[in-house]
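Top line first, the protein sequences correspond to chains A and B.
Here full-length UniProt numbering is used: position 548 in the first sequence is 548, and no number is missing along the way.
Here full-length UniProt numbering is used: position 372 in the second sequence is 372, and no number is missing along the way.
Here is the structure we will look at, set down as structure tokens.
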Amino acid sequence: MAGADSDDSLYPIAVLIDELRNEDVQLRLNSIKKLSTIALALGVERTRTELLPFLTDTIYDEDEVLLALAEQLGNFTMLVGGPEYVHCLLPPLESLATVEETVVRDKAVESLRKISHEHSPVDLEVHFEPLVKRLASGDWFTSRTSACGLFSVCYPRVSSTVKAEIRQHFRTLCSDDTPMVRRAAASKLGEFAKVLELEYVKSDIISLFTALASDEQDSVRLLAVEAGVSIATLLPQEDLEALVMPTLRQAAEDKSWRVRYMVADKFSDLQKAVGPEITKNDLVPAFQNLLKDCEAEVRAAAANKVKEFCENLPEDSRETIIMTHILPCVKELVSDTNQHVKSALASVIMGLSTILGKDNTIEHLLPLFLAQLKDECPEVRLNIISNLDCVNEVIGIRQLSQSLLPAIVELAEDAKWRVRLAIIEYMPLLAGQLGVEFFDEKLNSLCMAWLVDHVYAIREAATCNLMKLVEKFGAEWAQNTIVPKVLGMANDPNYLHRMTTLFCINALSEVCGQEITTKHMLPVVFKMSNDQVANVRFNVAKSLQKIGPVLDSNCLQTEVKPVLEKLASDQDMDVKYFAQEAISGRIKKMKRNRK
Amino acid sequence: METPTKLPPSSPSSPTTGFSVPSAEKVDGFPRRSMRRARQRRSHSSSQFRYQSSQVELTPLPLLKDAPVAELHDLFCKKLQQCCVLFDFLDCVADLKGKEIKRAALNELVESVATSRGVLIEPLYPEAIKMISVNIFRTLPPSENPEFDPEEDEPALEASWPHLQLVYEFFLRFLESPDFQPSLAKRYVDQKFVLQLLELFDSEDPREREYLKTILHRVYGKLLGLRAYIRKQINNIFLRFIYETERFNGVAELLEILGSIINGFALPLKSEHKQFLVRVLIPLHTAKSLSIFHAQLAYCVVQFMEKDATVTEHIIRGLLRYWPKTCTQKEVMFLGEIEEILDVIEPSQFIRVQEPLFKQIAACISSPHFQVAERALYFWNNEYILSLIEENCQVILPLVFGTLYRVSKEHWNQTIISLIYNVLKTFMEMNSKLFDELTASYKVEKQKEVKKERERAELWRNLEDLQERRLQSLTEASRNQKNLQERENTTKSQSETSAANTT
Numbered sequence: 001m002a003g004a005d006s007d008d009s010l011y012p013i014a015v016l017i018d019e020l021r022n023e024d025v026q027l028r029l030n031s032i033k034k035l036s037t038i039a040l041a042l043g044v045e046r047t048r049t050e051l052l053p054f055l056t057d058t059i060y061d062e063d064e065v066l067l068a069l070a071e072q073l074g075n076f077t078m079l080v081g082g083p084e085y086v087h088c089l090l091p092p093l094e095s096l097a098t099v100e101e102t103v104v105r106d107k108a109v110e111s112l113r114k115i116s117h118e119h120s121p122v123d124l125e126v127h128f129e130p131l132v133k134r135l136a137s138g139d140w141f142t143s144r145t146s147a148c149g150l151f152s153v154c155y156p157r158v159s160s161t162v163k164a165e166i167r168q169h170f171r172t173l174c175s176d177d178t179p180m181v182r183r184a185a186a187s188k189l190g191e192f193a194k195v196l197e198l199e200y201v202k203s204d205i206i207s208l209f210t211a212l213a214s215d216e217q218d219s220v221r222l223l224a225v226e227a228g229v230s231i232a233t234l235l236p237q238e239d240l241e242a243l244v245m246p247t248l249r250q251a252a253e254d255k256s257w258r259v260r261y262m263v264a265d266k267f268s269d270l271q272k273a274v275g276p277e278i279t280k281n282d283l284v285p286a287f288q289n290l291l292k293d294c295e296a297e298v299r300a301a302a303a304n305k306v307k308e309f310c311e312n313l314p315e316d317s318r319e320t321i322i323m324t325h326i327l328p329c330v331k332e333l334v335s336d337t338n339q340h341v342k343s344a345l346a347s348v349i350m351g352l353s354t355i356l357g358k359d360n361t362i363e364h365l366l367p368l369f370l371a372q373l374k375d376e377c378p379e380v381r382l383n384i385i386s387n388l389d390c391v392n393e394v395i396g397i398r399q400l401s402q403s404l405l406p407a408i409v410e411l412a413e414d415a416k417w418r419v420r421l422a423i424i425e426y427m428p429l430l431a432g433q434l435g436v437e438f439f440d441e442k443l444n445s446l447c448m449a450w451l452v453d454h455v456y457a458i459r460e461a462a463t464c465n466l467m468k469l470v471e472k473f474g475a476e477w478a479q480n481t482i483v484p485k486v487l488g489m490a491n492d493p494n495y496l497h498r499m500t501t502l503f504c505i506n507a508l509s510e511v512c513g514q515e516i517t518t519k520h521m522l523p524v525v526f527k528m529s530n531d532q533v534a535n536v537r538f539n540v541a542k543s544l545q546k547i548g549p550v551l552d553s554n555c556l557q558t559e560v561k562p563v564l565e566k567l568a569s570d571q572d573m574d575v576k577y578f579a580q581e582a583i584s585g586r587i588k589k590m591k592r593n594r595k
Numbered sequence: 001m002e003t004p005t006k007l008p009p010s011s012p013s014s015p016t017t018g019f020s021v022p023s024a025e026k027v028d029g030f031p032r033r034s035m036r037r038a039r040q041r042r043s044h045s046s047s048q049f050r051y052q053s054s055q056v057e058l059t060p061l062p063l064l065k066d067a068p069v070a071e072l073h074d075l076f077c078k079k080l081q082q083c084c085v086l087f088d089f090l091d092c093v094a095d096l097k098g099k100e101i102k103r104a105a106l107n108e109l110v111e112s113v114a115t116s117r118g119v120l121i122e123p124l125y126p127e128a129i130k131m132i133s134v135n136i137f138r139t140l141p142p143s144e145n146p147e148f149d150p151e152e153d154e155p156a157l158e159a160s161w162p163h164l165q166l167v168y169e170f171f172l173r174f175l176e177s178p179d180f181q182p183s184l185a186k187r188y189v190d191q192k193f194v195l196q197l198l199e200l201f202d203s204e205d206p207r208e209r210e211y212l213k214t215i216l217h218r219v220y221g222k223l224l225g226l227r228a229y230i231r232k233q234i235n236n237i238f239l240r241f242i243y244e245t246e247r248f249n250g251v252a253e254l255l256e257i258l259g260s261i262i263n264g265f266a267l268p269l270k271s272e273h274k275q276f277l278v279r280v281l282i283p284l285h286t287a288k289s290l291s292i293f294h295a296q297l298a299y300c301v302v303q304f305m306e307k308d309a310t311v312t313e314h315i316i317r318g319l320l321r322y323w324p325k326t327c328t329q330k331e332v333m334f335l336g337e338i339e340e341i342l343d344v345i346e347p348s349q350f351i352r353v354q355e356p357l358f359k360q361i362a363a364c365i366s367s368p369h370f371q372v373a374e375r376a377l378y379f380w381n382n383e384y385i386l387s388l389i390e391e392n393c394q395v396i397l398p399l400v401f402g403t404l405y406r407v408s409k410e411h412w413n414q415t416i417i418s419l420i421y422n423v424l425k426t427f428m429e430m431n432s433k434l435f436d437e438l439t440a441s442y443k444v445e446k447q448k449e450v451k452k453e454r455e456r457a458e459l460w461r462n463l464e465d466l467q468e469r470r471l472q473s474l475t476e477a478s479r480n481q482k483n484l485q486e487r488e489n490t491t492k493s494q495s496e497t498s499a500a501n502t503t
């Protein structure tokens, strides 16, 4: 280490600090991001005695710089000399935890949480916990907000008197004057409850939870919902009914749709937390109400949970509950006035078939699937089609094929190219489930039609789709059904379509194999090297480079090379360039093979 | 690629093009402004209607103007109670008769409060406030358009406006009535009431916010006990808007009220008010939707300065701190605000901020966006600012000279170049000696900068080399330690196994 020490003199702190103080924000930011480099140059002792005091003093800067600083300091333990000295990092982080900008504060809290684990229990009580207390009783709301995130990391490792103080501080913040602090406290309530002893969960946390859940501001109430779920997982079953259920029930019927939305959004977690009995008695009716809520946002959130909720119902009564309580609501949602609700439902409804089994699916669910396949909104139809695999396992896709086809055709011809693009992506999946016959009969022509779509993105996706289909149905199928059609386009008067032929060849040569490529595709490519449009010619050069690996070396030497050489002396600059690229690429590859 | 106009207007696959827009957007997540704009105004209704348990049939009451004086108050009260019934306005044909009766009653109440004297007696206060609360306080519905952009999109209008407007009108007349007694009202218009009133400012409907603005202003004016509370809650709304949600529709309206409140602050300014300026108003400049309320915000800021010149430095340094880095549109707004501030700045305050300020102005002049450069250069057309610059020419000219000189040679826009020539000419006339000196030393300065740049690169290169070496030695050290430990462990486990074997 002696050699390294002598380097220190090269870097007087002043020079480094000048960098951190540079007038240009960008330069300052760059320097802060390399703070660890500076600290390493200074060594642990000077980092502690010179660098950190400087950082603590110059906390007034652009938020961007402060954010970088807050992040750096979280990883600084080794640079100040290890866990023994980690508390040196607290002063700058404490200041950062009080700034206005939320992202900076959050990052500072994150770093504080990180280094809290590196404190010894003694240091935690001597240095860390007083910091938390100072933040918790700060004047401005920002420091109190930051404090909320720090209680849970020090609580488990301090003495019981300090524990009592921490609980008291948390209690105070839960009834803080500013809603910002109450929101922060509410969002950390669940986390804090987890580290508390069960007796204090019952005596302290429950009353805080109840108070926050009936706050005057809905932004606080909605955060209490999540805390409620966490608390419910901590309590023994027999206490749930008395301690948390009244509050949760009230949240599910809150007058603010935001709170109800939150309940719907957390419903699966809630269900797991409270167990089967309460689910049967309380959650089922609550869920029904959420599915029938007057706000579409809430209905959509609940609709998203239909499958998960049903899956997690107690097995003994699952089917009865679904059939008598849930399904009627689901039926109504199929014809909801809001498309987001319908599409949320469409993304999960197929999953019910595995839960309900074959007969129920055919009798009750199939009509719903069919109705959604005919929905006026393309997203709903897409969501149904994208989840076909769940139904396929239970009743086979054939049951649906009659309705599926018109739905696919409609989407395939939708005026929005983004919708067309989405359905193309499901084609390989559909092809696999519907089988080759059905595909050839009904869908093949669609796939070919996309190749001449007037939007490039669709043509490109269609090319890729063909490759995936060949992977499914095999080279022989390709040779009989799609290769002739693709090659036929080489004579199209539109040069864009002629290029599509080349793109398809690029994609298909590998999956089709050497024989088809050499026998059928290559002659067409050669012929196109005489095309009058330069774009086609240079794409010939690119294609030859792409399909080269599929061909045998004899063919490359005797047939491909002359064509490329001819293109390399083309009058068009781009054609020349790509031909040369292809030749040199080929040479490189051959050399590599020889090695 | 495709444009919406190229599409067949009614392809068989998409029943209504308007309807399928958002879903198509969802597919790839790219919202398309042009199509969104085509959306029609929609009206929405809040969920309050659902919570009314049973529908009451209304029967028309006798007219207020026909009532004998003895029965007037009783009838007024009955009408107020009648107006507490809510109607479903999304179904526009539902209960037309009831809606009409309520509308007529509200109209009568408005007229009575506005024109006749002695109507507002004590027992009517709770009834009136109850009627108002029942009608206006509701949870605002979710926005129809989750990416609602107040500048681009049409707002969703409140469906129940035909009644709601009359209720607001009544409330306003009630507050403005010469008979209105704050001492009686304060029992019912309390903190909870005000909080709910403030939450309504988030309404998307601009007509509603307009009423709310006037009403809150009256409440602030008449109910002195609520003033501090109102200011605090507005603070909270703004802080939440800035640091949490970035969504609140009524920022401009609240700022407008504050503009007149600031006007009335007593001197010297209380620390609460200064804190509001520094920690709330200045950070409001960071909002993405600044353009919607910038005029009102700048007005508030200038009000503060005119009240107390000592806050000037806070303001300017605050604006410089939040200066937009990537949004040129906002940068132009900031420059506009700076000019408004400079228009009323005291020369003694100007001196305190001129250095950082003109560094920023120089940076704006070298912006490749010509509107930013132009806006900054316009400062030299402002006579008062020009006089300030002239007085401090010794400080300012060296700050901006380099930029002016460079940009005059390289800017792409002719207007900017000619504006810069004018500015250079002005400076030459102001102080030709300094100007000549700076021209002479320009090249030397430039070279100095290049040299400094080189030194910085050198420093960092060395630092990184050093880091590499140190890290290497550190990893080596830890590797050695690990090896050592492992060796110990293996010997330990060996001895353990041998011990186990022996037992």
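C-beta atoms are modelled at their ideal positions from N, C-alpha and C, and glycine is treated no differently.
Since this is a predicted model, take the numbers as computed values, not measurements.
Rounded separation between Met333/B and Tyr322/B - CA only: Counting from one through the second sequence, the residue named residue 333/B turns up at place 333. Counting from one through the second sequence, the residue named residue 322/B turns up at place 322. Roughly 12 angstroms between the two C-alpha positions.
Within-8 angstroms CB hit, Glu390/B to chain A: Stepping through the second sequence from its first residue, residue 390/B is reached at position 390. No Cβ of chain A is located within less than 8 angstroms of the beta carbon of Glu390/B.
Backbone CA spacing between Leu404/B and Ala457/B [nearest angstrom]: Position 404 of the second sequence, counted from the start, is the residue given in the question as residue 404/B. Position 457 of the second sequence, counted from the start, is the residue given in the question as residue 457/B. Between Leu404/B and Ala457/B, the C-alpha separation is close to 27 angstroms.
First and last residue of the uninterrupted alpha helix (DSSP H) at Phe503/A: The count along the first sequence starts at 1 and reaches residue 503/A at position 503. Element bounds for Phe503/A: 495-512.
Meets three-Cβ-pair contact criterion under 8 angstroms: the region 103-119 of chain B and the region 137-153 of chain B: Touching, no.
Per-residue burial, Leu223/B [other beta carbons within 10 Å of its own, 16 or more giving buried]: Reading the second sequence from its first residue, position 223 is the one you call residue 223/B. Burial is judged here by how many other beta carbons sit within 10 angstroms of a residue's own beta carbon; Leu223/B has at least 16 and is buried.
Residue burial classification, Asp293/A (beta-carbon count within 10 angstroms, cutoff 16): As a first step, residue 293/A is located in the first sequence; it is residue number 293 there, counting from the start. Asp293/A is buried by the Cβ-count criterion.
Residues within the region 434-450 of chain A neighbouring chain B, beta-carbon criterion of under 9 angstroms: Residues passing the 9 angstroms Cβ filter: none.
Interface flag, Val181/A vs chain B, CB-CB below 8 angstroms: Translated into the one-based positions of the first sequence, residue 181/A becomes position 181. So no, Val181/A is outside the interface.
Whole-angstrom C-beta distance between Ala273/A and residue 624/A, which should lie under 8 angstroms: Absent from the structure is residue 624/A, since the part of chain A shown begins at 1 and ends at 595.
Proximal residues, the region 127-156 of chain B versus chain A, C-beta separation under 7 angstroms: Of all residues in the region 127-156 of chain B, only Thr139, Pro141, Pro142 place a beta-carbon less than 7 angstroms from a beta-carbon of chain A.
Endpoints, the alpha helix (DSSP H) within which Gln296/B is located: By one-based count along the second sequence, residue 296/B stands at place 296. Taken as a continuous stretch (DSSP letters only), the alpha helix (DSSP H) holding Gln296/B covers 290-307.
Selection from Leu502/A, Leu421/A, Leu67/A, Asp414/A that minimises the alpha carbon distance to Asn465/A: Your numbering for residue 465/A matches position 465 in the first sequence. Ranked by how close their Cα comes to the Cα of Asn465/A, the residues Leu502/A, Leu421/A, Leu67/A, Asp414/A have Leu421/A in first place.
Nearest-angstrom Cα separation, counted from Ser146/A out to Thr77/A: Locating residue 77/A in the first sequence gives position 77, counting from the first residue. Locating residue 146/A in the first sequence gives position 146, counting from the first residue. Rounded to whole angstroms, Thr77/A to Ser146/A spans 21 angstroms at the Cα level.
Own chain partners of Ala303/A with C-beta closer than 6 angstroms, once the 5 adjacent residues on each side are dropped: If you number the first sequence from 1, residue 303/A lands on position 303. Once the five neighbours on either side are set aside, the close Cβ partners of Ala303/A are Leu333, Val341, Ala344, Leu345.
Within-8 angstroms CB hit, Pro368/B to chain A: Sequence index remark: in the second sequence, residue 368/B carries index 368 (1-based). The beta-carbon of Pro368/B is placed no less than 8 angstroms from the nearest beta-carbon of chain A.
DSSP state of Leu157/B mapped onto helix, strand, coil: Here residue 157/B refers to the residue found at position 157 of the second sequence. Note: Leu157/B maps to strand in three-state DSSP.
Gly262/A, buried or exposed, once every other Cβ within 10 Å from all chains shown has been counted against 16: Here residue 262/A refers to the residue found at position 262 of the first sequence. Correcting the residue identity first, residue 262/A is Met in this sequence and not Gly. Looking at its Cβ environment, which holds 16 or more other Cβ atoms inside 10 Å, Met262/A is buried.
Rounded distance between the beta-carbons of Gly149/A and Lys188/A, thought under 8 angstroms: Here residue 188/A is taken as the residue at index 188 of the first sequence, counted from 1. Here residue 149/A is taken as the residue at index 149 of the first sequence, counted from 1. Taking a contact as a CB-CB distance under 8 angstroms, the pair Lys188/A and Gly149/A counts as one, their CB atoms being some 6 angstroms apart.
Short CB-CB distance (under 8 angstroms) between Tyr243/B and chain A: Numbered from its first residue, the second sequence carries residue 243/B at position 243. Yes, its Cβ sits closer than 8 angstroms to a Cβ of chain A.
Distance, Gln472/B Cα to Pro83/A Cα: Counting from one through the first sequence, the residue named residue 83/A turns up at place 83. Counting from one through the second sequence, the residue named residue 472/B turns up at place 472. Cα-Cα distance, rounded: 21 angstroms.
Proximity of Lys194/A and Leu234/A at Cβ, strictly below 8 angstroms: As a position in the first sequence, residue 194/A is number 194, starting the count at 1. As a position in the first sequence, residue 234/A is number 234, starting the count at 1. Between Lys194/A and Leu234/A, the C-beta spacing is below 8 angstroms.
Interface flag, Lys255/A vs chain B, CB-CB below 8 angstroms: In the first sequence, residue 255/A corresponds to position 255, counting from 1. By this cut-off, Lys255/A is an interface position.
Test: Arg231/B CB closer than 8 angstroms to a CB of chain A: Against the second sequence, residue 231/B aligns to sequence position 231. Using a CB distance cut-off of 8 angstroms, Arg231/B does not count as an interface residue toward chain A.
Nonlocal neighbours in the same chain, by C-beta distance under 7 angstroms from Ala47/A, ignoring five residues either side: Against the first sequence, residue 47/A aligns to sequence position 47. As written in the sequence, residue 47/A is Thr, which differs from the Ala given in the question. Non-local C-beta neighbours of Thr47/A in its own chain, meaning closer than 7 angstroms and more than five positions away in sequence, comprise Ala39, Leu79, Val80, ordered along the chain.
Heavy atom of the ligand NAP within 7 angstroms of Phe141/A beta-carbon: Looking at this structure, you won't find the ligand NAP or any other ligand, since it has none at all.
Alpha carbon of Leu424/B to alpha carbon of Gln349/B, nearest angstrom: Indexing the second sequence from 1 puts residue 424/B at position 424. Indexing the second sequence from 1 puts residue 349/B at position 349. Leu424/B and Gln349/B have their C-alpha atoms roughly 25 angstroms apart.
The region 461-475 of chain B / the region 434-452 of chain B touching (three or more Cβ pairs under 8 angstroms): Pairwise C-beta distances place the region 461-475 of chain B out of contact with the region 434-452 of chain B, as fewer than three of them are shorter than 8 angstroms.
Assigned exposure category for Ser159/A - 16 Cβ within 10 Å defines buried: On the first sequence, residue 159/A is found 159 positions in, with the first residue counted as 1. Per the 10 Å Cβ criterion, exposed.
Distance between Ala108/A and Cys88/A (C-alpha atoms, nearest Å): Residue 88/A sits at position 88 when you count from the first residue of the first sequence. Residue 108/A sits at position 108 when you count from the first residue of the first sequence. Roughly 15 angstroms between the two C-alpha positions.
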